[in-house]
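Per the numbering used here, the very first residue in the sequence shown carries number 55; after that it's consecutive.
Where a beta carbon is used, it is the ideal one built from N, C-alpha and C, also for glycine.
No experiment lies behind these values; they were computed from the predicted model shown.
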Amino acid sequence: PGEGGTYEDPISTWPNGDSLPRPSVVVIQATDGRPIGS
Numbered sequence: 055p056g057e058g059g060t061y062e063d064p065i066s067t068w069p070n071g072d073s074l075p076r077p078s079v080v081v082i083q084a085t086d087g088r089p090i091g092s
């Protein structure tokens with residue numbers, strides 16, 4: 055989603071629909087402390 059958009063002409067206004075999109079961070083952590091994906 056959002057392919058082809060630019061800062062001047064955004065494709066999406068998620069999450070609130072009335073301003074520029076906001077950056078987000080996703081964190082995934084194993085409950086036992088081991089690295090994910092190894």
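What number of angstroms, rounded off, separates the C-alpha of residue i from the C-alpha of residue j?
i	j	result
Ile65	Ile82	27 Å
Thr67	Gly87	36 Å
Thr85	Asn70	32 Å
Gly59	Pro77	14 Å
Ile90	Val79	17 Å
Asp63	Asp72	14 Å
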